[in-house]
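Residue 15 is where the sequence shown starts when you use this note's numbering, and the numbers rise one by one after that.
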Amino acid sequence: MSDDLFSRLFELFNQPGDVNLKLAAEVAHHLAGDHVPVDPWAAEEFRELTRLAEFRIAEAAPFPVDPASDVLPVGGREWADRNLEGFRYVAEPFAKMMDLSDAGPAAEMLKPLGPAMVGMQIGTMVGSLSQWAMASFDAGVPIEGPVTFVVPTIERFATAHDLDPKNVRLWVALNEVAHRTIYRVPFTKEHLVGLIKSYADTLRMAPQNLMEMMQGVDPTDPQSGLDPEKLASMFDTPETRAGQAELQAFLGLVAGYRQVLTHRAAEQLLPDIERLDTFRDSERDLDDQAEASAFAPIFVSSHSIAAGHRFCEE
15 MSDDLFSRLF
25 ELFNQPGDVN
35 LKLAAEVAHH
45 LAGDHVPVDP
55 WAAEEFRELT
65 RLAEFRIAEA
75 APFPVDPASD
85 VLPVGGREWA
95 DRNLEGFRYV
105 AEPFAKMMDL
115 SDAGPAAEML
125 KPLGPAMVGM
135 QIGTMVGSLS
145 QWAMASFDAG
155 VPIEGPVTFV
165 VPTIERFATA
175 HDLDPKNVRL
185 WVALNEVAHR
195 TIYRVPFTKE
205 HLVGLIKSYA
215 DTLRMAPQNL
225 MEMMQGVDPT
235 DPQSGLDPEK
245 LASMFDTPET
255 RAGQAELQAF
265 LGLVAGYRQV
275 LTHRAAEQLL
285 PDIERLDTFR
295 DSERDLDDQA
305 EASAFAPIFV
315 SSHSIAAGHR
325 FCEE
């Protein structure tokens, strides 16, 4: 490895804070791909659809709807750039999963490994989502800031399933407004953060295990040296599985209720809404690297959504 590559690795891994967001951004960019321009027409249409969705959800929900501060149509790369910081609260509880208790004098030198590991994994999650998510409701967790719709993904979904693009755009706007509204109900986000923290507290990784896995890392592709199966095995214990189950149950409940609200709000507007839900839930998947990460349980599964929806309708 050249001196330049060593310098690049040192710069990437030696960042301040509990979460290495510089490394996270590198990983997310690699996965998100190139910038895709969005047609100017999209901005006004999605603003109008969001206002309509806010009105309809307000009529269907038993709690108030706060208007979005702004509505931005974006590509996948821009969605990752704009929302990576918004995932910080998800990543921060994992900052202490690197166990340095037996590291002795080397503990101080090894400290950057923890933030780096968390940064790589949240970057992998956001980068993977940027290829698939239409908006933050697909991520399943609340993200502060303006509403961001991933227009190329929305149009691709409509084309792939031979759906009316206008209906798909309205369906996305309704789901996004419902998602954001539910998480503004007092204590909802706080409860989610508590569950994430409880799950994160069950995770421990020895620095030597991470160093062994990092031997093949390419600075231009920071996730390249990680074996998904080995990584997944580090986060699979009875304690972690219990925390994962609680997280999935809550995320599924929220997503299921989001669907219920969306169905109520879409009455007479979207007669094929159940087809839209079915198509979307059948596609819920992450790539191998993201599935192997400690953050995978924070991505709500289609099974959990279906269970949550059934519960809300009982």
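Just so you know, even glycine gets a beta-carbon here, dropped at the ideal spot from N, CA and C. Note that the structure is a prediction, hence the values are computed from the model and not measured.
Looking at the structure shown, is P166 part of a helix, part of a strand, or coil, going by DSSP? Helix at P166.
Just reading off the beta strand (DSSP E) that P87 is part of, what are its end residues? Bounds of the beta strand (DSSP E) holding P87 are 85 to 88.
Assign H49 to one of two classes, buried (16 or more other C-beta atoms within 10 Å of its C-beta) or exposed (fewer than that). Result: exposed.
Please report the distance separating the alpha-carbon of Q145 from that of E59. Rounded to whole angstroms, the gap between the alpha carbons of Q145 and E59 is 22 Å.
So, helix, strand or coil for V140, using DSSP? In the structure shown, V140 sits in a helix (DSSP, three-state: H, G or I).
Just the Cα atoms here: how many angstroms apart are F258 and S315? One point to set straight first is that residue 258 is Gln, not Phe, in the sequence displayed. When rounded, the distance between both Cα atoms is 11 Å.
Is it right to say E288 is buried, meaning 16 or more other beta carbons lie within 10 angstroms of its own, or is it exposed? Classification of E288: exposed, given that the 10 Å Cβ count is below 16.
Given F163, which residues of its chain have a CB within under 6 Å of its CB, disregarding the five upstream and five downstream residues? Closer than 6 Å at the Cβ level, and outside the excluded window around F163, lie F60, P87, A149.
Inside the segment 258 to 301 only - alpha helix (DSSP H) runs reaching at least 4 residues: Counting only unbroken stretches of 4 or more residues, the alpha helix (DSSP H) elements lying wholly within the segment 258 to 301 are 287 to 296, in sequence order.
Exposed unless 16 or more other CB atoms sit within 10 angstroms - verdict on L283: Within 10 angstroms of the beta-carbon of L283 lie fewer than 16 other beta-carbons, which makes it exposed.
Within a Cβ cutoff of 7 Å, which residues of the same chain sit near A214, ignoring the five residues on either side of it in sequence? If the five residues before and after A214 are omitted, its C-beta is found closer than 7 Å to the C-beta atoms of P107, F108, M111, all from its own chain and listed in chain order.
Proximal residues to V79 (C-beta, below 7 Å), its chain only, five neighbours per side dropped: Excluding sequence neighbours, V79 sits near E68, I71, A72, V191, T195.
For A256, the nearest candidate out of K211, R278, H277, E281 (CA to CA): The candidate whose alpha carbon is nearest that of A256 is K211.
Do you know how far the Cα of E169 is from the Cα of E204? C-alpha separation (whole angstroms): 34 Å.
Looking only at its own chain, which residues have a Cβ that is under 7 Å from the Cβ of D17, when we skip the five neighbours before and after it? Legend: pLDDT at D17 = 46, less than 50; position of this residue unreliable, value from coordinates given subsequently. If we look at D17 and ignore the five residues flanking it on each side, it has no Cβ neighbours.
Which residue from D95, F293, A153 puts its Cα closest to that of Y197? For Y197, the closest of D95, F293, A153 by C-alpha to C-alpha distance is A153.
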